[in-house]
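Novice: The structure that follows is given in the form of structure tokens.
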Amino acid sequence: MDSVVTRADAQQQARFAEYWPIAAQALGELYGRADGFERWLQELREAVIAAAAQRPSELRDRDQLPSDTEWWAAETVVGYSAYVDRFAGTLRELPGRLDYLQELGVSYLHLLPLMKPRQGESDGGYAVADFEDVDPALGSLADFRALIGEANERGIRIVIDLVCNHTADDHNWALAARQGDPRYRDYYHFHEDPAQVDALERHLIDVFPKSAPGNFTYVAERAAWVWTTFYPFQWDLNYSNPAVFRAMSEVLFNLANMGIAGFRLDSTAFLWKRPGTSCRNLPEVHGILTAWRALLSIVAPGVVLKAEAIERLEEVLPYFGAADGSRECDLAYNNGVMAALWASLALGTAAPAYRLIDAAAAKPAHGVWVNYVRCHDDIIFSALSPFVPKALQRRAALQLAGQALDSFSDGRVFQEFDGVPSINGMAASLAGREQDHATRQRLRLLYGVTFALGGLPVIYMGDELALENDLSYEADPARSGEGRWIQRPSMDWRRAAEGAASGSLAGLVRDDLARLARTRAENPAFHAHAACELAEGQPEALLAFIRGAGAEAVQVVANFSMAATQARVLLDSGRGWRDLLSSREGTSETIELAPYDVLWLRGQR
Ligand code: GLC
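The working numbering puts the first residue of the sequence shown at 25, with every later residue one more than the last.
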């Protein structure tokens with residue numbers, strides 16, 4: 025045992041030697057000119073060493089495992105994103121649902137915000153009042169620890185949201201700031217001069233133009249406006265203050281040492297402000313993330329960082345770090361490809377998907393995309409610019425909102441950006457208001473492509489049961505003003521009990537997704553870093569690409585139209601091919617895809 029600990033210590037020291045200079049350099053660029061910077065850096069250094077020393081031995085042992093290097097890139101990893109309450113009720117009940125997730129093939133569980141939220145409205149938990157406690161409605165810290173322990177034992181990694189851009193207005197820091205404590209006032213951005221606020225606003229974009237217009241909120245006690253990019257009760261943190269960086273770093277270390285395997289860094293684009301700019305994706309944001317990645321690599325190297333930057337591709341790519349391998353976030357949401365797949369489905373052409381998949385390949389080699397079909401937010405199409413004309417984006421959006429004569433979707437318009445609506449709705453409702461065979465096929469198509477692309481696929485809670493839009497929010501005054509609640513239904517465990525044999529839509533879709541996960545895990549061609557080559561020259565409705573190489577190669581082909589379409593088999597079909605998803609076999613050079621069908625073809629050996 026001693027020797028293991030000693031080796032772990034030695035590795036920790038080696039990591040310190042490697043990563044501390046990276047962090048120190050990034051922090052020097054961010055804060056080097058602040059008074060007392062050297063002392064501040066020295067104190068941070070001590071905090072990092074202390075956090076590394078406090079890392080529990082079982083987690084340190086796991087840090088040493090070869091399988092822990094880039095575990096998130098493996099073909100065996102499939103994610104699932106869920107709200108604790110809507111999925112399981114409480115943290116204590118959640119372990120009882122892990123069997124269900126494992127049957128689905130899930131080994132990465134992203135739990136949407138669960139830290140103690142603000143009292144009253146909290147933007148679905150994205151207004152955190154205490155980063156050191158969990159939401160009492162979900163349970164206790166002890167329940168949370170027990171859940172992490174149980175999940176880790178089963179090989180399921182728990183990933184949580186770190187709401188790092190803002191705190192709730194009733195967080196202790198905000199309360200102290202409100203009372204005029206100068207230390208905490210500097211944790212936020214206050215402006216006393218309305219002319220200054222107006223000047224800033226001129227360059228900013230509203231994230232919630234309808235439900236929370238404007239980016240500042242008046243605080244009467246301070247006779248000043250505080251920066252609130254999102255809702256008025258979400259106060260943006262001031263990362264130009266090194267104390268904020270330090271405080272949030274401690275939050276990261278503590279949670280990592282509790283056994284959290286990854287963090288979804290919420291609203292990463294907004295962490296730094298500079299007057300006269302849109303205050304999105306500024307270079308300093310990348311400095312913060314470079315420093316966090318390096319510090320975590322010392323304390324908890326297997327912990328993964330995921331950027332939540334729902335921006336255009338050229339803005340998202342830098343969140344992975346640079347092509348020379350310097351790291352920021354290991355994972356980033358592939359929001360452009362997600363929106364493109366919906367546009368392709370709505371328009372019946374694979375063109376948008378081709379364009380965005382091709383462009384998303386420009387990421388640095390070490391970066392891994394999080395591929396997904398739906399999440400708890402609206403689908404925003406602006407990432408399709410400049411690849412898909414605005415008029416087509418708009419047509420796709422209206423199609424998904426059910427506002428076109430030939431539409432099969434039952435989505436809702438949420439808000440509008442640059443003339444293109446963003447869309448709310450559960451995948452199953454967007455995939456077919458009839459909830460019939462075509463709905464199943466469209467869901468299978470979207471997930472079949474998403475699971476096959478290079479990256480880590482994440483299922484959104486309920487999609488595996490084809491859960492439809494949840495309209496109950498409309499009658500709840502606390503939620504009725506927020507259209508995103510339509511895609512946040514509670515799990516339907518009665519439906520989950522229906523197997524595929526019952527022939528119900530839920531049973532069939534769940535079976536489809538479990539098969540995708542299983543088949544993916546069995547084929548190294550689906551490793552995140554395995555080759556992905558788009559195949560041109562297919563009919564317009566078809567998306568085709570080849571994953572992996574040689575005998576292991578898999579040709580993925582997906583039909584986005586409601587007509588049967590012929591695809592060319594691009595594998596060496598001398599000995600024939602087999603569809604890994606349906607076990608269909610053949611030797612022909614072309615193959616017919618039924619409406620919305622997806623095939624994963626492999627050459628016969
Ligand atoms: C992210 C979340 C979203 C939330 C916002 C503010 O975009 O996904 O749900 O409203 O951040 O925290």
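Backbone N, C-alpha and C fix where the C-beta goes; we use that ideal spot for every residue, glycine too.
Should the region 359-373 be regarded as contacting the region 310-323, the criterion being three or more beta carbon pairs within less than 8 Å?
Specialist: Counting C-beta pairs with one atom in each stretch, the region 359-373 and the region 310-323 have fewer than three that are closer than 8 Å, which means they do not touch.
Novice: Only counting runs of 4 or more residues, tell me where the alpha helix (DSSP H) segments fall wholly within the region 165-249, in order along the chain.
Specialist: You should have 165-178, 196-202, 206-209, 218-225.
Novice: Please return the same chain residues whose Cβ sits closer than 7 Å to the Cβ of Asn265, not counting the five positions on each side in sequence.
Specialist: As a working note, residue 265 is residue 241 in the sequence shown. The answer, listed in chain order, is Asp210, Tyr211.
Novice: Given a threshold of 16 other Cβ atoms within 10 Å of its Cβ, counted over all protein chains shown, does Ser291 qualify as buried or as exposed?
Specialist: In the sequence shown, counting from the first residue as 1, residue 291 sits at position 267. Flag for Ser291 reads buried.
Novice: Could you spell out the range, first to last residue, of the beta strand (DSSP E) harbouring Trp624?
Specialist: Counted from its first residue, the sequence shown places residue 624 at position 600. Counting along the chain, the beta strand (DSSP E) containing Trp624 begins and ends at 622-627.
Novice: Of the residues Gln423, Lys387, Val309, Asp157, which one's Cα is nearest the Cα of Ile403?
Specialist: The count along the sequence shown starts at 1 and reaches residue 403 at position 379. When each option's Cα is compared against that of Ile403, the closest is Gln423.
Novice: In terms of residues, what are the limits of the alpha helix (DSSP H) holding Ser273?
Specialist: The sequence position of residue 273 within the sequence shown is 249, counting from 1. From DSSP, the alpha helix (DSSP H) with Ser273 extends over 266-281.
Novice: Provide the residue span of the alpha helix (DSSP H) that contains Ser321, from first to last.
Specialist: Translated into positions along the sequence shown, residue 321 becomes position 297. Membership of Ser321 in the alpha helix (DSSP H) is indicated by the continuous run 307-323.
Novice: Could you check if Phe254 belongs to the surroundings of the ligand GLC, using beta carbon to heavy atom distance under 6 Å?
Specialist: Counting from 1 along the sequence shown, the entry for residue 254 is found at position 230. Indeed, a heavy atom of the ligand GLC lies less than 6 Å from the Cβ.
Novice: Per DSSP, Cys556 forms a beta bridge with which residues?
Specialist: Within the sequence shown, the letter at position 532 stands for residue 556. DSSP lists Arg571 as partners of Cys556.
Novice: Give the C-beta separation of Ala333 and Ala293 to the nearest angstrom, bearing in mind that I take them to be a contact with Cβ-Cβ under 8 Å.
Specialist: Within the sequence shown, numbered from 1, the residue matching residue 333 stands at position 309. Within the sequence shown, numbered from 1, the residue matching residue 293 stands at position 269. Yes, Ala333 and Ala293 are in contact; Cβ-Cβ is about 5 Å, under 8 Å.
Novice: Output the distance between the C-alpha atoms of Leu408 and Leu118, rounded to the nearest integer angstrom.
Specialist: Within the sequence shown, the letter at position 384 stands for residue 408. Within the sequence shown, the letter at position 94 stands for residue 118. Each residue's Cα considered, the two are about 37 Å apart.
Novice: If we ignore side chains and look at the alpha-carbon of each, how far apart do Leu467 and Val72 end up?
Specialist: Your numbering for residue 467 matches position 443 in the sequence shown. Your numbering for residue 72 matches position 48 in the sequence shown. One C-alpha to the other measures close to 45 Å.
Novice: What three-state label does DSSP hand Trp64 in the structure shown?
Specialist: Walking along the sequence shown from the start, residue 64 turns up at place 40. Correct three-state label for Trp64: helix.
Novice: Check whether the Cβ atoms of Ala374 and Gly479 sit closer than 7 Å, and answer yes or no.
Specialist: Numbered from 1 along the sequence shown, position 350 holds the residue referred to as residue 374. Numbered from 1 along the sequence shown, position 455 holds the residue referred to as residue 479. Against a cut-off of 7 Å, the Cβ pair of Gly479 and Ala374 comes out as no contact.
Novice: Given Glu52, which residues of its chain have a CB within under 8 Å of its CB, disregarding the five upstream and five downstream residues?
Specialist: The residue given as residue 52 occupies position 28 in the sequence shown. For clarity, residue 52 is Gly in the given sequence; the question names Glu instead. Cβ neighbours of Gly52 beyond the five flanking positions: Phe61, Leu65.
Novice: Would you mind sorting Val28 into buried or exposed? The rule is 16 or more other CB atoms within 10 Å of its CB.
Specialist: The residue you call residue 28 lines up with position 4 of the sequence shown. Since pLDDT at Val28 reaches only 49, below the 50 mark, its modelled position is unreliable, and no value is offered.
Novice: Mapping DSSP to helix, strand and coil, what is His551?
Specialist: The residue given as residue 551 occupies position 527 in the sequence shown. Three-state DSSP puts His551 in coil, outside helix and strand.
Novice: Expressed to the nearest angstrom, what Euclidean distance is found between the alpha-carbon atoms of Ala420 and Arg31?
Specialist: In the sequence shown, the residue the question calls residue 420 occupies position 396. In the sequence shown, the residue the question calls residue 31 occupies position 7. The C-alpha of Ala420 lies about 56 Å from the C-alpha of Arg31.
Novice: Distance check for Leu186 and Asp460, CA to CA, integer angstroms please.
Specialist: Start at 1 with the first residue of the sequence shown, and residue 460 comes out as number 436. Start at 1 with the first residue of the sequence shown, and residue 186 comes out as number 162. Approximately 38 Å, taken between the alpha carbons.
Novice: Kindly provide the ranges of any beta strand (DSSP E) runs that are 3 or more residues long and lie completely inside the region 62-129, ordered along the chain.
Specialist: 103-106
Novice: Considering just the uninterrupted stretch of the beta strand (DSSP E) at Asp153, what are its terminal residues?
Specialist: For the purposes of this step, residue 153 is identified with residue 129 of the sequence shown, where counting begins at 1. One point to set straight first is that residue 153 is Ala, not Asp, in the sequence displayed. Taken as a continuous stretch (DSSP letters only), the beta strand (DSSP E) holding Ala153 covers 152-158.
Novice: Write down the C-beta distance between Asn448 and Arg457 rounded to the nearest angstrom, noting that I regard them as a contact closer than 8 Å.
Specialist: Position 424 of the sequence shown holds residue 448. Position 433 of the sequence shown holds residue 457. Wrong, their Cβ atoms sit about 14 Å apart, outside the cutoff.
Novice: So what does DSSP say about Gly148, is it helix, strand or coil?
Specialist: Taking the first residue of the sequence shown as 1, we reach residue 148 at position 124. Here Gly148 sits in coil by DSSP.
Novice: Kindly indicate the opening and closing residues of the beta strand (DSSP E) around Gly163.
Specialist: Working through the sequence shown from its first residue, we reach residue 163 at position 139. Boundaries cannot be given for Gly163, as no beta strand (DSSP E) includes it and DSSP labels it neither H nor E.
Novice: Do Ser402 and the ligand GLC come close, with the Cβ less than 6 Å from some heavy atom?
Specialist: In the sequence shown, residue 402 corresponds to position 378, counting from 1. The identity of residue 402 in the sequence shown is Asp, whereas the question assumes Ser. Flag unset: Cβ of Asp402 not near the ligand GLC.
Novice: Note the first and the last residue of the continuous beta strand (DSSP E) segment covering Phe483.
Specialist: The count along the sequence shown starts at 1 and reaches residue 483 at position 459. First, the residue type needs correcting, since residue 483 is Ile and not Phe in the sequence shown. Unbroken beta strand (DSSP E) run through Ile483: 480-484.
Novice: Quick check on Val28: does DSSP put it in helix, strand or coil?
Specialist: Locating residue 28 in the sequence shown gives position 4, counting from the first residue. Confidence is the limiting factor: at Val28 the pLDDT is only 49, short of 50, which leaves the residue's position unreliable, though a coordinate-based value still follows. DSSP places Val28 in helix when its eight states are reduced to three.
Novice: Below 7 Å between beta carbons: does that hold for Leu133 and Ile182?
Specialist: The residue given as residue 133 occupies position 109 in the sequence shown. The residue given as residue 182 occupies position 158 in the sequence shown. Going by C-beta atoms, Leu133 is nearer than 7 Å to Ile182.
Novice: Report, in whole angstroms, the separation of the C-beta atoms of Lys297 and His213, which I expect to be a contact under 8 Å.
Specialist: Residue numbering aside, residue 297 sits at position 273 when the sequence shown is read from its first letter. Residue numbering aside, residue 213 sits at position 189 when the sequence shown is read from its first letter. With 8 Å as the limit, Lys297 and His213 qualify as a contact, their Cβ atoms being about 6 Å apart.
Novice: Is Ser291 near the ligand GLC, going by C-beta to nearest heavy atom under 6 Å?
Specialist: In the sequence shown, residue 291 corresponds to position 267, counting from 1. Yes - the ligand GLC has a heavy atom lying nearer than 6 Å to the Cβ of Ser291.
Novice: Just to confirm, does Tyr357 get its C-beta within under 6 Å of one of the non-hydrogen atoms of the ligand GLC?
Specialist: By one-based count along the sequence shown, residue 357 stands at place 333. For the ligand GLC, not one heavy atom lies less than 6 Å from the Cβ of Tyr357.
Novice: In terms of alpha-carbon separation, which member of Phe438, Ser350, Ala363 lies closest to Gln49?
Specialist: By 1-based counting over the sequence shown, the position of residue 49 is 25. With distances taken between Cα atoms, Gln49 lies closest to Ser350.
Novice: Just verifying my parser: in three-state terms, what is the DSSP assignment at Ile334?
Specialist: In the sequence shown, counting from the first residue as 1, residue 334 sits at position 310. Of the three classes helix, strand and coil, the one that applies to Ile334 here is coil, per DSSP.
Novice: For Ala565, which residues in the same chain have their Cβ closer than 8 Å to its Cβ, ignoring the five residues on either side in sequence?
Specialist: Numbered from its first residue, the sequence shown carries residue 565 at position 541. Only Gly372, Thr373, Ala374, Asn583, Phe584, Ser585, Ala587, Thr589 meet the Cβ criterion.
Novice: Check the DSSP bridge columns for Phe441 and list the partner residues they point to.
Specialist: One-based indexing of the sequence shown puts residue 441 at position 417. Answer by DSSP bridge pairing, in chain order: Val444.
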